[in-house]
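Novice: For any residue, its number in this note's numbering is found by taking its place in the sequence shown, counting from 1, and adding 13.
For each residue, glycine too, the CB sits at the ideal point set by N, CA and C.
Here the structure is a predicted model, which means the values were calculated and not measured.
Sharing a structure, written as structure tokens. Questions coming.
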Amino acid sequence: METLFGKVAGDLAALVSEKWYAGMGLIGLLIFMWVLVIGTPHDDVLIGLIAGVMIGFGFGEAETRTFRQIVGSDFKITGPARKITVVSVVLYISGTACLIAAIWRAMTL
């Protein structure tokens, strides 16, 4: 007999295994909000930049991932593909800028 909690945990694990990059962006967003609202005893700027990297690359990857179907006369193949959009490019650029700034900040501490 399967419980409701077990079903929810199984569904959540399946979702995270398929969409781990969106989870990374969400965790980065939560860390960024934590730093803005509460703060940390460490370097807030460096932690915020690392969260920006997680947001940029996580949500950028979630934005570009899609699936493509190749249909032939007697077969149909569904495989992963990438769809580059303006939003994904902006997210990747912001993630890269945060990564460069975080490396610079860590070297100057």
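If you run the structure through DSSP and keep just helix, strand and coil, what is Lys89?
Specialist: strand
Novice: Using the C-alpha atoms, what's the distance from Tyr34 back to Ala75?
Specialist: 6 Å
Novice: Taking 8 Å as the limit between beta carbons, can you name the residues of its chain near Val99, skipping five residues before and five after?
Specialist: none
Novice: Who does Ala94 pair with in a DSSP beta bridge?
Specialist: In the DSSP output, where bridge partners are listed per residue, Ala94 has Thr79.
Novice: Please classify Ala115: is it buried, with 16 or more other beta-carbons within 10 angstroms of its beta-carbon, or exposed?
Specialist: buried
Novice: Comparing C-alpha positions only, which one of Ala94, Gly61, Arg81 and Gly38 sits nearest to Trp47?
Specialist: Gly61
Novice: Taking Phe70 and Gly108 to be in contact with their CB atoms under 8 Å, please state how far apart those CB atoms are, rounded to whole angstroms.
Specialist: 4 Å
Novice: If you count every other CB in all the chains shown that lies within 10 Å of the CB of Phe72, and 16 or more means buried, which is it?
Specialist: buried
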